[in-house]
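Worksheet: the structure to be examined is printed underneath.
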Amino acid sequence: MSKGLVIGAAGFVGSYLIEEMHSEGMDVYATKLPHELLENEHAKIYDVDILDKEAIVTLLLEIRPDYIFHLAAQSSVGLSWKNPGLTVDVNIKGSINVMDAVRELYYKPRVLLIGSGEEYGHIRPGETPIKEDNLLRPGNIYAATKACQNMIGSIYAQAYDMQMMMVRSFNHIGPGQAPMFVVSDFCKQVAEIEKGLREPVMYVGNLAAKRDFTDVRDVVRAYVSLIRQGVPGETYNMGSGHAVEIRRILDIIISLSEKEIRVEIDPNKIRPVDVPIIEADITKLHELTGWKPRIELEQTIRDTLDYWRGHIHI
Ligand code: A2R
């Protein structure tokens with residue numbers, strides 16, 4: 002049985018990835034930070050801070066994984082402005098620690114580094130759907146650190162002949178996501194309105210922005226396909242391939258509720274700089290693995306709303 006390790010499994014994607022790996026027949030190992038909570042009957046869980054390289058080396062020598070998914074990150078764009086030093090430490094220094102620990106092993110596991118569609122940054126008209134070889138113009142600290150991780154990853158893969166692939170994930174959504182992300186935020190607000198915890202008013206930001214959303218359960222299928230079939234040193238976009246206006250998401254969410262809901266703009270939710278459309282070209286990933294998303298947007302929204310209905314209590 003092949004062994005798969007998820008580094009940074011206590012976040013939104015981690016638990017879904019553990020389930021996917023388990024259902025694909027892998028023996029699953031996972032790490033979290035000491036203060037984080039993670040329980041999963043399908044994984045053996047360890048406490049590891051990726052800023053501690055020796056801890057990663059010890060773990061890898063103990064487990065000897067065939068596959069390593071590197072998810073650990075400071076993943077909030079907002080926090081990356083407030084704490085750029087921490088974001089650089091975790092997302093660049095921490096990732097280099099992971100790469101170095103792998104490089105020093107006596108065998109070559111297959112590694113997937115998780116990057117972001119944010120790396121493209123200020124996308125120009127005519128550049129969408131955006132391809133992997135587009136110029137990167139990161140617009141925030143988080144994006145810059147992920148672009149840097151990508152570059153160092155491809156340098157390491159080539160220089161040290163490592164079996165390492167990079168993926169740029171576009172917006173992913175689904176049940177359990179933190180409410181600082183738009184779909185989860187809207188669904189949580191509706192659940193609170195339904196429970197009578199707030200007035201029937203939704204507070205929204207820029208509704209005209211178009212983004213490329215993928216259900217987290219499709220995301221983790223793509224990661225497993227990529228770690229198995231990806232070409233070392235290569236970068237792959239992972240998204241739905243279709244941008245959807247935030248207004249349409251809002252309309253779907255509101256239509257799923259019996260309540261009369263009014264919509265108001267909250268100036269705090271308008272970003273200082275917002276790219277009008279972000280859409281992935283997923284041809285490279287699809288041609289390699291045959292992967293394409295299966296779960297319809299409406300279904301994901303329904304599931305996310307039901308999640309919040311089950312988690313908001315009066
Ligand atoms: O910041 P926390 O306490 O939420 O912990 C995050 C964890 N993490 C670390 N793990 C090990 N060593 C560190 N020094 C360290 N700093 C943070 O990585 C969190 O549990 C996990 C990342 O999960 P999320 O923030 O929920 O991201 P998600 O949605 O699971 O996305 C996974 C990957 C990340 O690389 C994102 O940048 C990318 O997909 O979109």
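Numbering of the sequence shown is given in the numbering used here, commencing with residue 2 and proceeding in unit increments.
From the three backbone atoms N, C-alpha and C, an ideal C-beta is built for every residue, glycine too.
No experiment lies behind these values; they were computed from the predicted model shown.
Residue i classed as buried or exposed, judged by whether at least 16 other C-beta atoms fall within 10 angstroms
i    : result
Q178 : buried
P294 : buried
K45  : exposed
G197 : exposed
R169 : buried
E63  : exposed
S16  : buried
Q190 : buried
P66  : buried
Y107 : exposed
L38  : exposed
I315 : exposed
A223 : buried
Residue j beta carbon less than 8 Å from that of residue i
i    : j    : result
K211 : I271 : no
M22  : K109 : no
H71  : L137 : no
N151 : G116 : yes
F187 : L87  : no
A192 : R310 : yes
V91  : L52  : yes
K94  : E120 : no
V14  : V221 : yes
L60  : Y47  : yes
G234 : A145 : no
G127 : P139 : no
H36  : I19  : no
T290 : L227 : yes
Given residue i as reference, the closest of the options once Cα atoms are compared
i    : options                : result
D267 : R303, L298, Y157, G206 : G206
I156 : M181, V191, Y121, R104 : R104
N98  : E265, G154, H43        : G154
T305 : I253, G291, T290, E265 : I253
N141 : G118, R229, L106, V264 : G118
A244 : N41, R111, N269, L208  : L208
H312 : P85, L39, P176, K4     : P176
P180 : Y308, D219, E42, R249  : Y308
D216 : R249, H36, S3, I296    : I296
CB contact below 8 Å: residue i versus chain D
i    : result
T129 : The structure shown contains no chain D; it is built from a single protein chain.
Beta-carbon proximity list for residue i, same chain, < 8 Å, skipping 5 on both sides
i   : result
S76 : G12, Y143
Own chain, CB closer than 6 Å to residue i, minus 5 neighbours either side, in chain order
i    : result
I174 : V184, F214, T301
G231 : M166
S96  : Q150
M203 : Q190, I262, V264
G9   : L72, A73
M27  : S3, G5
Nonlocal neighbours in the same chain, by C-beta distance under 7 Å from residue i, ignoring five residues either side
i    : result
D50  : L34, A56
I194 : P201, K260, I262
heavy atom of ligand 3 below 7 Å from residue i C-beta
i    : result
S117 : Ligands displayed in this structure: ligand 1; ligand 3 is not among them.
- [ ] Count the C-beta pairs between the stretch 126-134 and the stretch 68-87 that are closer than 8 Å, then say yes if the count reaches three, no if not.
- [x] no
- [ ] Spell out a yes or no on whether the stretch 56-63 and the stretch 251-260 are touching, meaning 3 or more CB-CB pairs, one atom from each, closer than 8 Å.
- [x] no
Open item on the list: Whether or not the stretch 282-298 and the stretch 235-249 are in contact is what I'm after, with contact meaning three or more pairs of Cβ atoms, one per stretch, closer than 8 Å; do they touch?
Closed with: yes
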